[in-house]
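Engineer: Structure below; questions to follow.
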Amino acid sequence: MSAAPEGLTVTEQGTVLRDGAFGNARALCCRECGHEVALGPHYACPECFGPLEVSYDFPTVTREEIAAGPRNIWRYKALLPVPTDIEQSPNTEPGFTRLLEARNLAAELGIDKLWVKDDSTNPTNSFKDRVVACALSAARELHAKVFACPSTGNLANAVAAAGARAGIKTVVFIPSNLEKPKQVNSAVYTDSLVAVEGNYDDVNKLASEIAGEEEGWAFVNVNVRPFYAEGSKTLGYEIAEQLGWRLPDQVVIPVASGSQLTKVHKAFQELVKLGLVDDKPVRIFGAQATGCSPVSTAYKADTDAIRPVKPDTIAKSLAIGNPADGIYVLDICRETGGAVEDVTDDEVREGILLLARTEGVFTETAGGTTVGVLKKLVETGQLDTTLETVVINTGMGLKTLDAVADEVGPAATIKPSYGAFVSTGLV
Ligand SMILES: *Cc1c(COP(=O)(O)O)cnc(C)c1O
Ligand SMILES: [Zn+2]
């Protein structure tokens, strides 16, 4: 730090930060060794290369203050690394999505009480709008020139839209074999969509290289990843608030990099520490597709060694073969008495149809994975069906239409006559 005008700080890298740029966040803290680094575009510990995580000096926060806030993630701004005037900066205002009581699905699966946290209704139809909104705030405060990401699809959609709304240049990188709807869903917002011939892990490696070479690029899930990741906490806060300031007994969460699962867990712990909910055990379950299940495989083998895999599944939004937070997912699922489970692509399709036909919610392959895993957890006795359970739907079915397009369709195609209709047997 060097001398700077009042209200400003100049970092060692020469970045000018205004006071309160990151709200109540205090530092970046290494998840492995506890070493602390000043808030900035850093993601790896200089001592041990462990992942950095935002730590805070929280003030007193009341339920009333939160309830008086906007109906989006900024109602929790005191608990996020964002400035107090965050609502003034154009952003997509994600969050506060519905928590549906899933009576039909519960009855179908034999669960006493089940809720679906439906994040498909976010501005770009996935939970990624939450994390991107926090990354965008960090990018702004750090005066980034370009807002970028490597993506399995949904992240590219969210970054491209948020960048457009914020008036900041975006460049988004995707695997070239990505579903067409997800490509179009990014390209409408930006003319800088780059399709890379390779899988997500190749795209991610390229992004890290560019982040190292280019000045002023904020890669949401690379060099501003600690800020990005905090956005997932809002899923946990909302579940608790929408249950009437209570924690559920069990939660089933999809796992790609594993960031979301670890942050929902962190959110529950913070709410307890802040006295906003009563402490109680919450069992946390991770869901993967068998064709990309490095964390589930390690869980079942009772080992901490996560072996990277080459993804081969229709659940492309979860297709990260080398998950950065996989080890923490294992820790959390084991410590809380949960589990990590995986389902085949056929079970993913079944999961999509099951949720659609019981609750009227059309989820994408990631949600099909999560619902498929929920069903398998019940069938294998790993989930306690007498406990209150929340399953998270992270994305929207229209983005992965092809997954079920051959499974469903018209029951009959008829001439426009009553007789023809009667002959279908539908009457
Ligand atoms: C990215 C994504 C996830 C998982 O995210 P991680 O935090 O990387 O585990 C889950 N569902 C959908 C739809 C996603 O796009
Ligand atoms: Zn460290």
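FYI, the numbering for the sequence shown is 1 to 427, going by the UniProt record's numbering. From the three backbone atoms N, C-alpha and C, an ideal C-beta is built for every residue, glycine too. Because the structure is a prediction, the values reported are computed rather than measured.
Decide yes or no for the touch test of the stretch 336–352 against the stretch 366–373: beta carbon pairs closer than 8 Å, at least 3 of them.
Structural biologist: Cβ pair count under 8 Å is three or more, so yes.
Engineer: Mind checking who ALA67 pairs with in its DSSP beta bridge?
Structural biologist: In DSSP, ALA67 forms no bridge with anything.
Engineer: Keeping to the same chain, check which residues put their C-beta closer than 7 Å to that of ALA287; ignore five residues upstream and five downstream.
Structural biologist: Counting only Cβ-Cβ distances below 7 Å, and skipping sequence neighbours, we find VAL252, ILE253, PRO254, VAL255, GLU341, THR369, THR370 and VAL373.
Engineer: Ligand 1 and THR386: does any heavy atom of the ligand fall closer than 8 Å to the residue's C-beta?
Structural biologist: Incorrect: THR386 has no Cβ contact closer than 8 Å to ligand 1.
Engineer: Provide the residue span of the beta strand (DSSP E) that contains GLN242, from first to last.
Structural biologist: GLN242 -> not in any beta strand (DSSP E); alpha helix (DSSP H) instead, spanning 233–242.
Engineer: Taking only runs that begin and end inside the stretch 336–398, name each unbroken beta strand (DSSP E) of 3 or more residues, in chain order.
Structural biologist: List check, beta strand (DSSP E) in window: 339–343 and 389–393.
Engineer: On the criterion of 16 or more Cβ atoms from any shown chain inside 10 Å, does THR60 qualify as buried, or is it exposed?
Structural biologist: By the 10 Å Cβ count, THR60 comes out exposed.
Engineer: Is the Cβ of ALA289 closer than 9 Å to any Cβ of chain C?
Structural biologist: Absence of chain C from the displayed structure is noted, only one protein chain being present.
Engineer: DSSP three-state label for CYS33, please.
Structural biologist: Of the three classes helix, strand and coil, the one that applies to CYS33 here is coil, per DSSP.
Engineer: Drop a sphere of 10 angstroms on the beta-carbon of CYS48, count the other beta-carbons inside from all chains shown, and report buried for 16 or more, exposed for fewer.
Structural biologist: Classification of CYS48: exposed, given that the 10 Å Cβ count is below 16.
Engineer: Using the Cα positions of LEU155 and LEU377, report the straight-line distance between them to the nearest angstrom.
Structural biologist: Approximately 28 Å between the Cα atoms of the pair.
Engineer: Quick one: which unbroken beta strand (DSSP E) runs of 3-plus residues sit fully inside the stretch 173–255? Chain order, please.
Structural biologist: Runs found: 193–196, 217–219 and 250–254.
Engineer: Does the beta-carbon of ILE320, which I'm using as the reference point, lie nearer than 8 Å to any heavy atom of ligand 1?
Structural biologist: Correct: ILE320 has its Cβ closer than 8 Å to ligand 1.
Engineer: Just the Cα atoms here: how many angstroms apart are LEU354 and ASN104?
Structural biologist: Going by the C-alpha atoms only, they are around 10 Å apart.
Engineer: Comparing alpha-carbon positions, which option in LYS266, LYS263, GLU101 and GLY258 lies nearest PRO294?
Structural biologist: Ranking the options by Cα distance to PRO294, first place goes to GLY258.
Engineer: Is the beta carbon of PRO248 closer than 9 Å to that of residue 428?
Structural biologist: Only positions 1 to 427 of the chain appear in the structure, and residue 428 is not among them; the question remains open.
Engineer: Quick one: is GLY409 buried, meaning 16 or more other Cβ sit within 10 Å of its Cβ, or exposed?
Structural biologist: Exposed: under 16 other Cβ atoms inside 10 Å.
Engineer: Mind the definition here: the stretch 354–368 touches the stretch 392–399 only if three or more C-beta pairs lie below 8 Å; say whether that holds.
Structural biologist: Output reads yes: the stretch 392–399 touches the stretch 354–368.
Engineer: In three-state terms, what does DSSP make of PHE421?
Structural biologist: If DSSP states are grouped into helix, strand and coil, PHE421 belongs with the helices.
Engineer: Decide if ASP278 is buried, meaning its Cβ has at least 16 other Cβ atoms within 10 Å, or exposed.
Structural biologist: So ASP278 ends up on the exposed side.
Engineer: Assuming contact is defined by CB atoms lying nearer than 9 Å, are VAL264 and ILE239 in contact in what I supplied?
Structural biologist: Yes. Within cutoff.
Engineer: Please report the distance separating the alpha-carbon of ALA211 from that of VAL220.
Structural biologist: Cα to Cα, the separation comes out at about 10 Å.
Engineer: Does the beta-carbon distance from VAL196 to ILE174 come in below 9 Å?
Structural biologist: Going by C-beta atoms, VAL196 is nearer than 9 Å to ILE174.
Engineer: Under three-state DSSP, which class holds CYS45?
Structural biologist: Residue state, collapsed to three classes: coil.
Engineer: Pick out every residue whose C-beta is nearer than 6 Å to a heavy atom of ligand 2: which are they, in chain order?
Structural biologist: That query returns the following residues: CYS30, GLU32, CYS33, HIS35, CYS45, GLU47, CYS48 and GLY50.
Engineer: Measure the Cβ-Cβ separation of ALA403 and ARG357 and say whether it is below 9 Å.
Structural biologist: Contact: no.
Engineer: Give every residue of the same chain whose Cβ lies closer than 6 Å to the Cβ of THR124, excluding the five residues on either side of it in the sequence, and list them in chain order.
Structural biologist: Here the set comprises ASN157, ALA158 and ALA161.
Engineer: Answer yes or no: the CB of PRO181 versus the heavy atoms of ligand 1, is any distance below 8 Å?
Structural biologist: PRO181 Cβ: outside cutoff for every heavy atom of ligand 1.
Engineer: Does CYS33 pass the burial test, meaning 16 or more other C-beta atoms within 10 Å, or should it be called exposed?
Structural biologist: The residue is exposed, with fewer than 16 neighbouring Cβ atoms inside 10 Å.
Engineer: If you follow the beta strand (DSSP E) that ASP129 is part of, which residue opens it and which one closes it?
Structural biologist: It is not in any beta strand (DSSP E) - ASP129 instead sits in the alpha helix (DSSP H) that spans 128–141.
Engineer: Would you call ARG63 buried or exposed, if buried means 16 or more other Cβ atoms sit within 10 Å of its Cβ?
Structural biologist: Exposed: under 16 other Cβ atoms inside 10 Å.
Engineer: Residues in its own chain within less than 7 Å of ARG165 by CB, not counting five upstream and five downstream?
Structural biologist: Answer for ARG165: PRO90, ASN91 and THR92, listed in chain order.
Engineer: Is any heavy atom of ligand 4 found at a distance shorter than 8 Å from the C-beta of GLY153?
Structural biologist: Among the ligands in the structure shown, ligand 4 does not appear; only ligand 1 and ligand 2 can be found there.
Engineer: Please classify LEU109 as buried or exposed, where buried requires at least 16 neighbouring CB atoms within 10 angstroms.
Structural biologist: Buried is the call here.
Engineer: Less than 8 Å between the CB of THR394 and some heavy atom of ligand 1, yes or no?
Structural biologist: It does: the Cβ of THR394 is within 8 Å (strictly closer) of some heavy atom of ligand 1.
Engineer: Taking only heavy atoms of ligand 1 into account, decide whether any of them is closer than 8 Å to the Cβ of ALA366.
Structural biologist: Yes.
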